[in-house]
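Q: Structure provided below as structure tokens; questions to follow.
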Amino acid sequence: MLQKYNFQEAAHCGWGYGSPNKWADSAATIFDELHNWAVKYAHWDAKVLTEKQRKDLLASIDEYCIQDDLEVILSGLPGQLHTAFVPDLVGMFLIKDCLARFFHNPLWYLVPRLPSDEGDSARAMPPTASGFGADAFTLYQNLLTTHPIYANCWRLWTARLSTPNISPKEVNVNNSFGQAMAAHREHIVDKMCTDLLKHDILQPVIRPLESQKEIDIRIRQLQRVYKMAAKFAVGAACEVTRLEFWTLKQMDPYFHHSSEQARAALNHQLDKEGAKYRLDGQRILALRAPLIFLRGTIFDANSEKLVRKAEVIIEDHEG
Numbered sequence: 024m025l026q027k028y029n030f031q032e033a034a035h036c037g038w039g040y041g042s043p044n045k046w047a048d049s050a051a052t053i054f055d056e057l058h059n060w061a062v063k064y065a066h067w068d069a070k071v072l073t074e075k076q077r078k079d080l081l082a083s084i085d086e087y088c089i090q091d092d093l094e095v096i097l098s099g100l101p102g103q104l105h106t107a108f109v110p111d112l113v114g115m116f117l118i119k120d121c122l123a124r125f126f127h128n129p130l131w132y133l134v135p136r137l138p139s140d141e142g143d144s145a146r147a148m149p150p151t152a153s154g155f156g157a158d159a160f161t162l163y164q165n166l167l168t169t170h171p172i173y174a175n176c177w178r179l180w181t182a183r184l185s186t187p188n189i190s191p192k193e194v195n196v197n198n199s200f201g202q203a204m205a206a207h208r209e210h211i212v213d214k215m216c217t218d219l220l221k222h223d224i225l226q227p228v229i230r231p232l233e234s235q236k237e238i239d240i241r242i243r244q245l246q247r248v249y250k251m252a253a254k255f256a257v258g259a260a261c262e263v264t265r266l267e268f269w270t271l272k273q274m275d276p277y278f279h280h281s282s283e284q285a286r287a288a289l290n291h292q293l294d295k296e297g298a299k300y301r302l303d304g305q306r307i308l309a310l311r312a313p314l315i316f317l318r319g320t321i322f323d324a325n326s327e328k329l330v331r332k333a334e335v336i337i338e339d340h341e342g
């Protein structure tokens with residue numbers, strides 16, 4: 024058991040992203056940062072979007088928002104929830120994008136040989152996973168069906184050896200490959216964000232800026248959060264414990280104040296006296312942040328722990 028612990032425990036070996044018990048807070052920080060970016064840079068008025076642009080935006084976040092007409096959804100939202108709903112949709116788009124890019128396949132950025140010219144490398148990279156990174160993840164999934172314990176060991180050590188070790192002297196690790204791969208990952212994320220702002224879904228809903236300085240600040244702020252998400256995903260992949268995110272697809276479509284899955288967005292003001300039960304039985308319209316589970320430990324591969332409820336926007340005609 025001690026040998027197993029020494030081999031698998033990321034903190035013992037100098038890898039990882041802190042205790043898995045703190046991952047929910049790290050994920051929540053990233054979600055909040057993405058929503059804050061959207062509030063700062065997205066249009067607030069849905070009228071700036073054509074009917075097709077509205078439908079395309081909602082379709083792009085189908086597991087985060089119900090697929091009704093946008094005007095119908097807005098009619099069920101009061102006050103600040105109504106006013107800020109378009110930025111909320113942009114925040115949901117960014118959260119879904121980050122989870123798809125970085126957390127679904129934490130090996131997405133791996134390449135068998137680092138190019139000498141990162142500029143050429145970045146231009147050649149696809150918008151999501153490299154071919155090698157996608158193949159590595161497919162191999163992991165195939166191994167998972169037959170040898171789950173060994174497959175997870177392979178996954179965590181592949182992730183560890185492709186990122187810098189925080190205590191290389193103690194474990195006699197040469198950090199050069201991990202550092203080079205991390206720099207490569209950040210370079211690719213920079214380009215991802217540049218391309219993302221040209222996305223057919225995002226472009227119409229992002230406000231135009233007057234100066235190049237403002238444009239540069241906007242992209243740097245998005246790159247900072249995306250790099251934070253990419254680093255977190257790799258760090259989490261270095262652990263035996265796995266992160267899992269649930270969206271509307273896996274959740275009860277109706278809200279209840281005692282739900283173990285969902286909590287109402289703050290602007291519903293259910294903390295007011297007498298308001299606790301006000302939205303029980305109402306439809307969940309959108310998911311500002313997904314439900315977070317931790318799965319598996321060194322001692323129990325089948326363990327499951329809910330660490331953060333989903334934050335939801337609910338149909339609310341009384342708010």
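Sequential numbering from 24 applies to the sequence shown in my numbering. C-beta atoms are modelled at their ideal positions from N, C-alpha and C, and glycine is treated no differently.
#1: Taking the alpha-carbon of Lys221 as reference, which of Arg208, Ile238, His207, Glu233 has the nearest alpha-carbon?
#2: Nearest-angstrom Cα distance between Leu184 and Pro129?
#3: Just to confirm my understanding: we take Ile118, look at its own chain, exclude 5 residues before and 5 after, and list those with CB closer than 6 Å. What are they?
#4: So, at 7 Å on beta carbons, what are the nonlocal neighbours of Pro7 in its own chain, with the 5 sequence-adjacent residues on each side left out?
#5: Would you list the residues sitting across from Phe268 in a DSSP beta bridge?
#6: Taking the straight line between their C-alpha atoms, what separation do you get for Glu141 and Val134?
#7: Kindly list the residues whose CB is nearer than 7 Å to the CB of Val263, restricted to its own chain and excluding five residues on each side of it in sequence; keep chain order.
#8: Name the DSSP beta bridge partners of Ile336, please?
#9: Does Ala82 pass the burial test, meaning 16 or more other C-beta atoms within 10 Å, or should it be called exposed?
#10: What's the C-alpha gap between Gly41 and Asp323?
#11: Please classify Arg331: does DSSP put it in a helix, a strand, or coil?
#12: For the alpha helix (DSSP H) containing Arg360, name the first residue and the last one.
#13: Answer yes or no: do Arg311 and Asp111 have a C-beta to C-beta separation smaller than 8 Å?
#14: Would the C-beta of Arg183 count as close to the ligand MN, meaning under 7 Å from any of its heavy atoms?
#15: Is it true that the CB of Phe278 sits closer than 8 Å to the CB of Ile337?
#16: Which whole-angstrom value describes the C-beta separation of Trp60 and Gln244, a residue pair presumed to lie in contact below a C-beta threshold of 8 Å?
#17: Output needed for Lys328: all residues of its chain with C-beta closer than 6 Å, excluding positions within five of it in sequence on either side, in chain order.
#18: Got a sec, what are the start and stop residues for the alpha helix (DSSP H) Arg230 sits in?
#19: Give every residue of the same chain whose Cβ lies closer than 6 Å to the Cβ of Tyr249, excluding the five residues on either side of it in the sequence, and list them in chain order.
A: The short version:
#1: Working through the sequence shown from its first residue, we reach residue 221 at position 198. The shortest C-alpha separation from Lys221 is found at Ile238.
#2: For the purposes of this step, residue 184 is taken as the residue at position 161 of the sequence shown. For the purposes of this step, residue 129 is taken as the residue at position 106 of the sequence shown. Computed Cα separation, rounded: 13 Å.
#3: Indexing the sequence shown from 1 puts residue 118 at position 95. Excluding positions up to five away in sequence, the list reads Phe54, Leu57.
#4: Given that the chain is displayed from residue 24 to residue 342, the structure contains no residue 7 and the question cannot be resolved.
#5: Mapped onto the sequence shown, residue 268 falls at position 245. Paired residue(s): Ile315.
#6: The sequence position of residue 141 within the sequence shown is 118, counting from 1. The sequence position of residue 134 within the sequence shown is 111, counting from 1. Because the pLDDT of Glu141 is 48, which lies under 50, any placement of that residue in the model is unreliable, and the question is left without a value.
#7: The sequence position of residue 263 within the sequence shown is 240, counting from 1. Contacts found: Gln31, Asn175, Leu179, Gly319, Thr320, Ile321.
#8: The residue you call residue 336 lines up with position 313 of the sequence shown. For Ile336, which the question treats as bridged, DSSP gives the partners Ala309.
#9: Start at 1 with the first residue of the sequence shown, and residue 82 comes out as number 59. It counts as exposed.
#10: Locating residue 41 in the sequence shown gives position 18, counting from the first residue. Locating residue 323 in the sequence shown gives position 300, counting from the first residue. Roughly 19 Å between the two C-alpha positions.
#11: Position 308 of the sequence shown, counted from the start, is the residue given in the question as residue 331. Strand.
#12: Missing from the structure shown is residue 360; the chain here goes from 24 to 342 and no further.
#13: Your numbering for residue 311 matches position 288 in the sequence shown. Your numbering for residue 111 matches position 88 in the sequence shown. Yes; because the gap between Cβ atoms is below 8 Å, this pair is in contact.
#14: With respect to the ligand MN, the structure offers nothing, as it holds no ligand at all.
#15: On the sequence shown, residue 337 is found 314 positions in, with the first residue counted as 1. On the sequence shown, residue 278 is found 255 positions in, with the first residue counted as 1. Result yes, Cβ atoms of Ile337 and Phe278 sit closer than 8 Å.
#16: Reading the sequence shown from its first residue, position 37 is the one you call residue 60. Reading the sequence shown from its first residue, position 221 is the one you call residue 244. Their Cβ separation, rounded to whole angstroms, is 6 Å, which keeps Trp60 and Gln244 in contact under 8 Å.
#17: Counting from one through the sequence shown, the residue named residue 328 turns up at place 305. If we look at Lys328 and ignore the five residues flanking it on each side, its Cβ neighbours are Leu317.
#18: By one-based count along the sequence shown, residue 230 stands at place 207. That residue, Arg230, is in no alpha helix (DSSP H); it is neither H nor E in DSSP.
#19: To locate residue 249, count along the sequence shown from 1; it is residue 226. Val212, Cys216, listed in sequence order.
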